[in-house]
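K.L.:
The structure follows.
Numbering (full-length UniProt numbering), first residue to last: 1 to 75.
Given below as structure tokens:
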């Protein structure tokens with residue numbers, strides 16, 4: 001398994017788990033980051049700090065610190 005932050009743009013992956021807890025975990029679950037959800041990596045921002053993802057039909061930007069807490073696998 002890899003971290004979502006390590007996936008290059010224009011790839012699709014599947015969520016395998018979350019390493020976060022507390023409020024951040026609740027926020028990620030509310031955004032649709034549940035086990036088995038498909039994520040399209042749309043584009044990386046400057047310095048790869050901010051990345052845009054398509055999660056369940058919604059575009060969401062996450063910082064590298066947040067996306068590194070999401071475990072994913074190739075589909």
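Note that beta-carbon positions come from the ideal geometry of N, C-alpha and C, so glycine has one too.
Model, not experiment: these values are computed from the prediction.
Taking 8 Å as the limit between beta carbons, can you name the residues of its chain near residue 45, skipping five residues before and five after?
P.N.:
Same-chain partners within the cutoff: 51, 52, 61.
K.L.:
Measuring only the C-alpha atoms, how far is residue 54 from residue 14?
P.N.:
C-alpha separation (whole angstroms): 12 Å.
K.L.:
Using the beta-carbon count (16 or more within 10 Å), is residue 66 buried or exposed?
P.N.:
Residue 66 is buried by the Cβ-count criterion.
K.L.:
Whose C-beta lies closer than 6 Å to the C-beta of residue 71 among residues of the same chain, with five residues either side of it excluded?
P.N.:
Cβ neighbours of residue 71 beyond the five flanking positions: 1, 16, 17.
K.L.:
Does chain C have any CB closer than 9 Å to the CB of residue 17?
P.N.:
This model lacks chain C altogether; it includes just one protein chain.
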